[in-house]
Each structure stands twice: as C-alpha cells, then as structure tokens.
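Here is the structure we will look at.
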Amino acid sequence: MVQKKFLLATIFVSLIVILVAGCSSANSTNQSLRQAQSKDEVDQYLATMTPGLKRAEELGLVTALNMDIPVPEANTSVRLEKIWYNSKDVFLFYSLEYRPGVRLYFGSIEPADKGEKAWSGPGFTSNFAPEEGIIYQGRYYGRITFHPLYRDNEILPKVDKIIWNKAKLRIGDDTYELEPVALTVNYDRSREVEISHAVNQTWEILGRKFIVEKLVLGVAENRLKFTFVPQNESERIRWVRGEVFTDKGERNRIDMSVEKGEKPNEYWVVFPAFNELPQKITLSLEQLILVGDDELTFNIESAPYKQYLNFNSPKKIELNQELGRVHQTRVVLEDLVVDDRGIAWGLLFEPENDHLPYEALYADIPHDGSNNAEVQLPNTVYVTNEKGETGTLGQSGSGPGNRMGAFINAGFVKQSELLTVRITHMTFALNGRWILEIELEKE
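Pasting the structure below:
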C-alpha cells in the first residue's frame with residue numbers, strides 16, 4: 001500500500017531534517033567525525049565549514065567567549081568557545097566532552113534588553129549536519145546557527161548582547177536543561193567591510209548572454225551582479241547553480257535564487273563568503289533555471305477514480321502516458337494517487353537530448369492558479385471541469401528527480417466528470433558547464 005505521505009513532497013521532509021533539526025550528536029559510533037591532531041586543525045575545519053569565518057576573525061568581528069556552562073547532575077559542562085554574529089547568520093561555536101549518546105539541543109537566542117521587541121527563532125544546523133564535527137583531546141567541537149535578531153522584518157543593525165536559552169543536553173536517556181546565559185556579540189553592521197570589483201565579461205549560453213558586471217566580496221556573503229540577455233521577452237532567470245574557485249584554494253557552491261536588479265534583465269546572486277580575499281576567481285556555471293511561456297494541457301477522466309476518494313490510504317495508479325513534447329522534453333503522466341484528499345497527478349520530464357550543453361523542462365513546485373489570477377508565477381496550474389468551473393490545488397511538490405505534481409481537491413473531483421489541467425509559465429533549465437576566469441581589480 002502506498003504511504004499516505006505524498007511522494008512528491010518527500011524532498012521537503014529531507015530538507016527540513018538537514019536545516020532545522022535543532023540538535024547535534026557527539027556519538028562515538030559515528031564514523032564521520034574527524035579526529036584532529038592539533039587545535040589549529042580544529043580551527044581550520046570550523047573555518048572550512050563556516051565560509052568567511054577566518055576573514056571575520058582577522059577583522060575583529062568574532063567574539064571569544066571561553067565560557068563553561070556546568071551540568072553538575074552529569075558531572076560535565078558545555079563550553080561556549082566563540083560567537084560570530086553577522087548580518088546573515090549567528091554562529092555559536094561550542095565544545096563538549098566526547099562520549100556516546102550525547103546530544104545538544106540548540107535552544108534559541110533573544111535580546112538581552114527585555115524591552116527590545118526582536119525575534120530570531122530556534123537554532124538549526126545549516127550545513128553543519130548533526131553527524132558532522134571534529135574531535136580533539138577528548139572533546140567534540142561543533143557549531144550552532146541562528147538567524148540574526150529581527151524587528152518589523154528588518155535585521156537589527158547593532159546588537160551588543162544576546163541571551164542564549166532553552167538549550168538542553170541529553171546524555172543517554174537523561175536530559176538536562178542548561179541555564180540561560182548572556183553572550184557579548186559586539187555586532188555592528190557598519191563594520192562588515194565590502195570590497196567591490198568591476199567586471200565586464202560575457203558568456204554565450206545556448207543563444208543567451210550572461211554578462212558579469214560586478215563582484216562584491218563581503219564578510220558574511222558575496223554577491224555577483226549580472227545581466228541576462230534572453231532569447232525572447234518571456235524568458236526570465238530564476239535560479240543559478242555552479243561553483244566558484246579562488247586562487248587561494250577555496251571552493252564555494254552557488255545554488256541560489258536570483259534577486260532582481262534595478263535595470264531590466266539585471267540580477268544579483270548571493271553565494272558564501274571567502275576566508276581569504278582572492279586575486280583571481282573562476283566561475284563555473286552548471287545550470288540556469290528560467291521561466292518561459294511554455295504551456296501544457298492534459299485531461300483526467302474522474303469516473304474510474306471516484307471510488308477511491310473515501311479511502312484513508314492512497315491508491316496509486318500507474319499510467320506512464322506520454323502527453324507530448326514541450327521545450328525539447330518528453331512529458332509523461334507517470335501516475336495518479338487517489339485518496340480522501342483528491343486526485344494527485346504526477347509528471348515526469350525526460351529531455352530529448354541530455355548531452356551537455358542542452359536545455360529542457362525543469363520540474364519545480366506547481367502554484368495554484370485559482371489564487372493568483374493577477375500574478376504570473378512559475379508553473380501556474382489551472383484546473384477546470386466540463387462545466388467550466390474552476391478547481392483548487394491541495395498538496396503539491398517536486399521530485400524525486402525531474403518530477404512534479406499536485407492534488408486536485410476532492411470536493412472538486414466529486415462534482416466533475418472531466419478534469420482539465422493547464423500548466424503555464426513552465427520552468428526550464430540551461431544545462432552545461434561554462435567557465436569564466438576573472439582577474440579582480442578594485443572598483
């Protein structure tokens with residue numbers, strides 16, 4: 001029997017586990033933990049896991065804490081090593097005695113000034129997964145990430161102290177609450193130095209142009225400004241994937257949505273900061289995800305599936321029905337899933353040619369067109385029936401692989417004989433490997 005959890009949403013479950021699981025583990029059976037031979041090796045590991053940390057320390061933006069929080073009931077303590085509070089993240093570095101079955105639950109941060117109405121949220125792992133870390137002289141070294149304090153949707157520009165609270169230490173079956181502690185962070189946004197480099201280099205990418213204009217090297221993050229010249233006016237860029245290499249030996253991923261610039265076809269993309277300022281960088285683009293004017297329409301006769309609408313457990317019907325070719329891609333209605341939520345359709349996109357470089361449809365999250373009549377969102381889905389009535393979508397998602405799908409709500413299915421699904425502004429990807437070397441000169 002198919003599990004009730006919607007198959008196409010499992011990718012998001014994995015993402016939540018990676019990003020927001022608010023604890024770390026120092027388990028002796030975990031083979032992924034590194035053994036350091038020196039404290040310098042620990043520092044280098046933490047800097048590699050925390051892009052920009054080394055440069056922030058050189059600029060005096062990292063505050064040493066060297067604070068022990070005792071846990072007398074367990075005859076141990078949690079040591080807070082240092083904290084880097086910046087405009088993007090708050091990184092709290094800690095160590096604890098290395099023993100089996102130990103977990104630190106991250107807690108949260110809040111303003112030290114009780115009159116300050118600012119908010120951050122619970123700690124999370126970011127790229128520092130619970131099974132990662134490093135051990136030196138019997139101690140596990142790890143890192144907690146928090147969002148900086150917000151007020152009225154704006155990051156506070158200056159913070160002197162914060163309170164770390166609601167943290168817990170679990171050892172085996174026992175859990176111990178840690179006392180709240182005040183931490184000095186000395187954050188001032190104006191101290192985050194940015195260095196701008198003018199660039200004027202162009203990639204030719206499958207009939208489009210990617211023109212790099214500026215690189216801003218920050219402490220918390222780097223930003224790349226570019227102009228994207230599309231093949232037609234309907235195309236707009238949505239996401240950039242690739243890598244950045246420096247002459248200092250650093251290697252950072254770019255895997256971000258783009259921010260619209262001030263001019264037409266002008267964009268910014270953000271990627272991790274460098275630990276050392278480079279003189280030369282190499283950009284390697286792997287994938288550009290675009291929104292275009294491609295559309296797809298298909299029909300579902302509801303009669304054969306209405307019998308399953310009262311089922312608590314999903315009924316999966318394999319179809320593997322080819323719907324046609326869209327943007328050099330074979331589109332397949334792979335399956336339907338039916339239960340008390342409605343009918344979920346699942347599409348698979350198969351490129352006609354997958355030899356680099358190539359372009360083809362890219363599966364992304366569908367958006368309900370009944371709620372966005374005035375907004376042209378990527379993969380907007382409109383559902384109608386034989387009477388011209390408009391339906392709504394339920395749960396939707398993308399993955400695994402190049403798949404996407406969504407539920408058509410049960411109430412609409414029950415009152416319909418023929419469901420027509422129309423997807424507009426479909427996303428597609430330019431796939432390849434385009435290399436650009438840039439010598440950096442100050443603007």
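The opening position of the sequence shown corresponds to residue 1 in UniProt numbering, with each subsequent residue numbered one higher. Even for Gly, the Cβ is constructed at its ideal location relative to N, Cα and C. Here the structure is a predicted model, which is why all the values come from computation and not from measurement.
| Asked | Found |
| --- | --- |
| Please state the DSSP three-state secondary structure of P51. | coil |
| DSSP on D247, reduced to helix/strand/coil? | coil |
| Under 9 Å between the Cβ atoms of M426 and D294? | yes |
| Kindly give me the distance between the Cβ atoms of V258 and V240, rounded to whole angstroms, as I take these residues to be in contact under 8 Å. | 6 Å |
| So, Q178 versus V71, is the Cβ gap smaller than 9 Å? | Checking the sequence, you will find Leu at residue 178 rather than Gln. Against a cut-off of 9 Å, the Cβ pair of V71 and L178 comes out as a contact. |
| Rounded to the nearest angstrom, what separates G138 and T392 at their Cα positions? | 57 Å |
| Put A74 into one of helix, strand or coil per three-state DSSP. | helix |
| Just mark E437 as buried or exposed, buried being the case when its beta carbon has 16 or more other beta carbons within 10 Å. | exposed |
| Residues in its own chain within less than 6 Å of E322 by CB, not counting five upstream and five downstream? | V332 |
| Can you find the residues in the same chain that come closer than 7 Å, C-beta to C-beta, to D188, ignoring five residues on each side of it along the sequence? | K158 |
| If we ignore side chains and look at the alpha-carbon of each, how far apart do V62 and L288 end up? | 35 Å |
| DSSP on S28, reduced to helix/strand/coil? | Below a pLDDT of 50, predicted positions are generally treated as unreliable, and S28, at 42, falls in that range; no measurement from the model is reported. |
| Thinking C-beta only, is A56 closer than 9 Å to A220? | yes |
| Please name the residue in G107, E132, K114, T145 whose C-alpha comes closest to that of L92. | T145 |
| Count the other C-beta atoms from every protein chain shown that fall within 10 angstroms of the C-beta of Y150, then say buried if there are 16 or more, exposed otherwise. | exposed |
| Give me, in chain order, the residues of the same chain whose beta-carbon lies closer than 8 Å to that of R433; leave out the 5 immediate sequence neighbours on both sides. | S284, L285, E286, L356, P357 |
| Please name the residue or residues paired with E116 in a DSSP beta bridge. | DSSP output for E116 lists no bridge partner at all. |
| Let me check understanding here. Comparing Cα to Cα, which of S190, D152, V212 lies closest to V199? | V212 |
| Mark L33 as exposed unless 16 or more other C-beta atoms lie within 10 angstroms of its C-beta, in which case mark it buried. | buried |
| According to DSSP, which residues form a beta bridge with N222? | L217, F271 |
| Of all the options E132, I109, H197, which has the alpha carbon lying nearest to the alpha carbon of G123? | I109 |
| Am I right that S196 and V216 are in contact with their C-beta atoms under 8 Å? What's the rounded C-beta distance? | 5 Å |
| Using a Cβ-Cβ cut-off of 6 Å (strictly less than) and excluding sequence neighbours within five positions of N275, which residues of its own chain qualify? | A47, K54, R55 |
| What would DSSP say about Y362, mapped onto helix, strand or coil? | coil |
| What's the gap between the Cα of T380 and the Cα of F106? | 38 Å |
| For S416 and D335, what's the separation of their Cα atoms in angstroms? | 19 Å |
| Classify A64 as buried or exposed, calling it buried when 16 or more other Cβ atoms lie within 10 Å of its own Cβ. | exposed |
| Hey, quick one: how far does the beta strand (DSSP E) through V421 stretch, first residue to last? | 418 to 424 |
| What did DSSP end up calling D43 once you bin it into helix, strand or coil? | helix |
| For my contact list, R422 and Y362 are in at a C-beta cut-off of 8 Å; report their separation, rounded to the angstrom. | That belief does not hold up - the Cβ atoms of R422 and Y362 are roughly 19 Å apart, past 8 Å. |
| May I ask you to list the residues that DSSP assigns as paired with S396? | A406 |
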